[in-house]
Amino acid sequence: MSRSLFGNNWSKRKRYGRDEQNYVALKCLFDIHSHQNLDIVETATQNNKFVQSLQWPLRFIIVLWGIQLFQVLTHTDLGFLGVYPRTYFGIKGIFLAPLIHADFSHLLHNSVPLFVLSAMILFFYPRVAVRSMIMIYLMTGLSVWIFGRSVFHIGASGVVYGLVSFVFWNGVFRRNLKSIILALIVTFLYSGFFLGILPNQEGISWESHLLGGLVGIFVSFWYKEEIEKDEVPDLPSWEQSPDSSEQTYFLDRDVFEKTKEERRREQAGSDPDTGHIW
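Next up, the structure:
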């Protein structure tokens with residue numbers, strides 16, 4: 003009888019042990035599958051983000067080349083659509099001047115950095131990318147309209163200088179690894195651009211370059227508190243809890259906040275039989 007009971011209990015323990023092992027194995031498989039799915043989703047999201055960061059700059063470049071091709075095929079000079087400082091008819095250039103270029107060489111010189119920098123900002127600073135680029139576009143034109151020489155200013159070079167300055171000064175203001183690396187890359191690629199801000203260069207709107215660079219500094223400072231998702235540090239689990247500010251202590255918190263002398267005085271004051279501090 004006792005052997006029979008022992009045998010039944012033993013078989014139950016074996017069965018329960020197998021069930022527990024099966025449960026653990028299934029849970030591990032489920033966790034692995036879930037992590038794989040998350041990795042796949044994250045990879046797909048990153049790929050989609052990268053493609054989108056290339057699409058919009060490419061479309062804008064296509065528009066620029068279409069306008070230049072229209073000028074060549076129709077023998078039309080659209081330079082009158084540029085910024086003419088401090089005049090009523092020159093205000094339209096704030097919006098249209100970056101779309102107009104003198105020739106294909108001028109356009110090609112601006113197209114490559116415009117595409118690279120726009121894609122870089124859209125990919126690495128998606129939270130502020132659209133707002134910052136619109137501000138750089140409009141404020142550069144407005145600054146040229148206010149401070150520029152009394153000639154027509156055309157071309158997207160002022161916007162390019164604004165984008166270069168924005169990426170570089172983000173590394174200064176944000177001071178995280180990503181922003182610093184991007185600033186170094188921009189410095190390596192476009193360090194020669196700084197010569198373009200020197201005055202009195204024939205046929206070059208150095209005012210657009212200088213003012214675009216200053217606008218880029220302002221915009222990067224304006225948005226320096228807008229933290230991107232990948233700039234948020236990963237905190238340990240105990241710091242991510244909602245009540246992380248209140249830690250659990252084995253002793254009263256005032257033990258760590260009061261000096262030894264203060265605790266002695268408190269203890270002496272609470273003990274009526276003690277007439278001195280010990």
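The sequence shown lines up with residues 3 to 280 when you count with the numbering used here. Quick reminder that beta carbons are idealized off the backbone N, C-alpha and C, glycines included.
Exposure label - Tyr90; buried when at least 16 CB within 10 Å: exposed
Skipping 5 residues on each side, what residues in its chain have a beta carbon closer than 7 Å to that of Ile199? Trp208, His211, Leu212, Gly215
Under the rule that 16 or more other beta-carbon atoms within 10 Å means buried, what is Gln269, buried or exposed? exposed
Would you kindly work out how many angstroms separate the C-alpha atoms of Thr189 and Val166, rounded to a whole number? 8 Å
Could you tell me the boundaries of the alpha helix (DSSP H) in which Glu285 lies? Past the edges of the chain, shown from 3 to 280, lies residue 285, and the structure says nothing about it.
Between Lys94 and the rest of its own chain, which residues show a CB-CB distance below 7 Å, the 5 nearest in sequence each way excluded? Leu83
How many angstroms separate the CA atom of Val53 from the CA atom of Pro59? 11 Å
Quick one: is Gly277 buried, meaning 16 or more other Cβ sit within 10 Å of its Cβ, or exposed? At Gly277 the pLDDT is 47, less than 50, meaning the model places this residue with poor confidence and gives no usable figure here.
Quick one: Cα of Lys180 to Cα of Gly173, how far? 8 Å
For the segment 69-85 against the segment 99-112, do three or more pairs of beta-carbon atoms, one drawn from each stretch, fall closer than 8 Å, so that the two count as touching? yes
Identify which residue in Ser145, Lys231, Phe126, His77 has its Cα closest to the Cα of Gly160. Ser145
Burial state of Arg176 (16 or more Cβ within 10 Å): buried
Does the segment 191-205 come close enough to the segment 150-157 to have 3 or more Cβ pairs within less than 8 Å? no
Report the residue from Leu56, Gln203, Arg265 whose alpha carbon sits nearest the alpha carbon of Pro128. Leu56
The alpha helix (DSSP H) that contains Tyr90, what's its start and end? Per DSSP, Tyr90 belongs to no alpha helix (DSSP H) and is neither H nor E.
For Phe223 and Val65, the rounded distance between their alpha carbons: 30 Å
Less than 8 Å between the beta carbons of Ala185 and Val162, yes or no? no
For Ile96 versus Leu124, is the C-beta distance shorter than 8 Å? no
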